[in-house]
Amino acid sequence: MPEPIRMNRRWVAAWAVLCAAGLAATALLNASSAPAPQPEKSVSAECAERIADIETQLAKAKQEGKGDGMLVFSRVPVGTEDDCRDDLRNHFRGDQ
Numbered sequence: 001m002p003e004p005i006r007m008n009r010r011w012v013a014a015w016a017v018l019c020a021a022g023l024a025a026t027a028l029l030n031a032s033s034a035p036a037p038q039p040e041k042s043v044s045a046e047c048a049e050r051i052a053d054i055e056t057q058l059a060k061a062k063q064e065g066k067g068d069g070m071l072v073f074s075r076v077p078v079g080t081e082d083d084c085r086d087d088l089r090n091h092f093r094g095d096q
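For what it's worth, our numbering labels the leading residue of the sequence shown as 1, then goes sequentially.
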């Protein structure tokens, strides 16, 4: 019968090998499942103008010390061609 200390060392070694294998497999899976970069979408002229207007208002508010945020509403009904909602969200969320 093996000595208890030697048997404990084997279990610890087996556990360490399994942990290392699991970490390596996780790293490989994370690296392979990274999302592909999204192609850059063009912003319509109207949306670009709206974004520039909002940026100007934000800069003015910061200069006057009136806070660091702004609530923005789209001027057209959602779902129409001129809806800038996604462009506004992407720009101000930092997904440029």
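A virtual CB, placed ideally from N, CA and C, is assigned to each residue, including glycine. Nothing here was measured: the structure is a model prediction, and the numbers come from that model.
{"Item": "Taking only three categories from DSSP, how would you classify SER32?", "Value": "helix"}
{"Item": "So, under 8 Å CB-CB, LEU88 and ILE51 are touching, yes? Tell me the CB distance rounded to an integer number of Å.", "Value": "7 Å"}
{"Item": "Let me know the secondary structure DSSP gives VAL43 once reduced to three states.", "Value": "coil"}
{"Item": "Just the C-alpha distance for CYS84 and CYS47, rounded to the nearest angstrom, thanks.", "Value": "5 Å"}
{"Item": "Residues in its own chain within less than 6 Å of GLU49 by CB, not counting five upstream and five downstream?", "Value": "none"}
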